[in-house]
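Below is one structure, written out as structure tokens; comments come after it.
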Amino acid sequence: MSDAGLVRNASEGINPKTAGWTYLSFRTVRCRADEVLAGETGGDETALIWLSGRADVDGFGQVGEREDVFKGLPSAIILPPGSSYRLHARTALHLAIVSAPAESAPPARLVRPDDVRVEIRGKGVSERKIHWILSEKEPAARLLLVEVLTPAGHWSTYPPHKHDQDNPGVERALEELYYYRFNPEQGFAFQGIYTKPSPQLSSTSPSPLAGEGRGGGSPLNVSIRARQDDLVLVPRGYHVVSAAPGYDCYYLNAMAGAVREWLFTTDPDHQWLMDWKKT
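Taken in order, the sequence shown gives residues -4 to 274; the numbers are from my numbering.
In structure tokens, the structure reads:
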């Protein structure tokens, strides 16, 4: 099966126009030690997420502690629209920059490793570790940000779920992306993205699907072999991840939508396997 154009180059990045959706932009940036990186957020709420390395950041001091995504917790800076940033790399530096349009947002703030909420989800071969960088419990305008570490041979985003329709109290339409890293780096995971037939929408049905710009809500049944530095887009549909034996899998999830609320629907066929609760 084709990847349906859902796999992108993380360093080249995506924006709403190139992704065919409404909110999320993403790219990764690498800096050499002593290099300076500066930018502006424009009309977006923007998050700078430290994948590895340390930097001195104007207004925040030294940021970053971990050597790589498999060793320790992340740091991040969350910036409102109309902000600028400037950082001076003290070591080799690897950042993810995520943004989404917002009319206003809370003041700029630093998320330190001690601020990151850690959660263990699932049991047995579906057990994985969650690092909440920016959950709906923390103030923000648009972004939801979380890291997931899936041990070799385990499953995550499991059971499969979706969040592509606005149905208040049940499900929220959220665009989502996955940025992948592996240990060892030649590793891979399989990500499935699929839709299921649904009754014709009535005038009282939930709002249209998120990401309709990518195929107009047409059916999806895609199996993707995700590799180091791949960026996978999830515009709609149920999704699930399986890490290959021998290779620990990391991914950074970013989500955004009209309403900043993480509500999802589990595939009814697999609801009986749900062994964790949203916290």
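Think of the CB as a built atom: it goes at the ideal place given N, C-alpha and C, for glycine as much as any other residue.
Residue ranges of each alpha helix (DSSP H) within the segment 5 to 34, 4 or longer: Taking only runs of at least 4 residues, the alpha helix (DSSP H) segments lying wholly in the segment 5 to 34 are 11 to 14.
For S94, three-class secondary structure by DSSP: For the purposes of this step, residue 94 is taken as residue 99 along the sequence shown, with counting starting at 1. The three-state secondary structure of S94, taken from DSSP, is strand.
Neighbourhood of W302 by C-beta distance below 7 angstroms, restricted to the same chain and skipping five residues each side: With the chain represented from -4 up to 274, any question about residue 302 goes unanswered, as that position is not in the structure.
Beta-carbon gap between A221 and Q186 smaller than 8 angstroms: Working through the sequence shown from its first residue, we reach residue 221 at position 226. Working through the sequence shown from its first residue, we reach residue 186 at position 191. Result yes, Cβ atoms of A221 and Q186 sit closer than 8 angstroms.
Straight-line Cα distance separating W150 from P69: If you number the sequence shown from 1, residue 69 lands on position 74. If you number the sequence shown from 1, residue 150 lands on position 155. Straight across, the Cα-Cα distance linking P69 with W150 is about 22 angstroms.
Backbone CA spacing between R167 and D29 [nearest angstrom]: Here residue 167 corresponds to residue number 172 of the sequence shown, with the count starting at 1. Here residue 29 corresponds to residue number 34 of the sequence shown, with the count starting at 1. If you draw a straight line from the Cα of R167 to the Cα of D29, it comes to about 43 angstroms.
Span separating the alpha-carbon of W257 from that of G67: Numbered from 1 along the sequence shown, position 262 holds the residue referred to as residue 257. Numbered from 1 along the sequence shown, position 72 holds the residue referred to as residue 67. Taking the Cα positions, W257 is about 25 angstroms away from G67.
Other residues of its chain near T86: CB distance less than 7 angstroms, five sequence neighbours each side excluded: As a position in the sequence shown, residue 86 is number 91, starting the count at 1. Once the five neighbours on either side are set aside, the close Cβ partners of T86 are A28, G48 and R49.
Cβ pair W45, L90 closer than 8 angstroms: Within the sequence shown, numbered from 1, the residue matching residue 45 stands at position 50. Within the sequence shown, numbered from 1, the residue matching residue 90 stands at position 95. The criterion of a C-beta distance shorter than 8 angstroms is satisfied by W45 and L90.
Three-state secondary structure assigned by DSSP to H265: By one-based count along the sequence shown, residue 265 stands at place 270. In the structure shown, H265 sits in a helix (DSSP, three-state: H, G or I).
The segment 161 to 179 touching the segment 119 to 134, judged by at least three CB pairs closer than 8 angstroms: Touching, no, given that fewer than three Cβ pairs across the two stretches are closer than 8 angstroms.
Complete beta strand (DSSP E) runs within the segment 34 to 59 (minimum length 3 residues, chain order): Positions of the beta strand (DSSP E) runs, each at least 3 residues long and wholly inside the segment 34 to 59, are given as 39 to 47, 50 to 52 and 56 to 58 in order along the chain.
Closer than 8 angstroms to chain D by CB, E180: Protein chain content of the structure displayed is limited to a single chain, and chain D is not contained in it.
Alpha-carbon to alpha-carbon, W267 and F21: Counting from one through the sequence shown, the residue named residue 21 turns up at place 26. Counting from one through the sequence shown, the residue named residue 267 turns up at place 272. Here the alpha carbon of F21 sits roughly 34 angstroms from the alpha carbon of W267.
Spatial distance of R123 from G148 (CA atoms): For this step, residue 123 is matched to residue 128 along the sequence shown. For this step, residue 148 is matched to residue 153 along the sequence shown. Straight-line measurement puts the Cα of G148 at about 11 angstroms from the Cα of R123.
Closest residue to P11 among I125, P96 and R107 (Cα-Cα distance): Translated into positions along the sequence shown, residue 11 becomes position 16. That would be P96, whose Cα lies nearest to the Cα of P11.
Under the three-state DSSP convention, the category P146 falls into: Counted from its first residue, the sequence shown places residue 146 at position 151. It is coil, neither helix nor strand.
Short Cβ contact (8 angstroms threshold) for L339 with H158: Missing from the structure shown is residue 339; the chain here goes from -4 to 274 and no further.
Other residues of its chain near P102: CB distance less than 7 angstroms, five sequence neighbours each side excluded: What you label residue 102 is simply residue 107 of the sequence shown in a count that begins at 1. Correct list, in chain order: P75.
Limits of the unbroken beta strand (DSSP E) element including E114: Your numbering for residue 114 matches position 119 in the sequence shown. Under the DSSP assignment, E114 falls in the beta strand (DSSP E) whose first and last residues are R112 to R116.
Those residues which DSSP pairs with Q186 across a bridge: Residue 186 sits at position 191 when you count from the first residue of the sequence shown. In DSSP, Q186 forms a bridge with I219 and V236.
Which of helix, strand or coil DSSP assigns to D109: By one-based count along the sequence shown, residue 109 stands at place 114. Here D109 carries a helix assignment [DSSP, helix/strand/coil].
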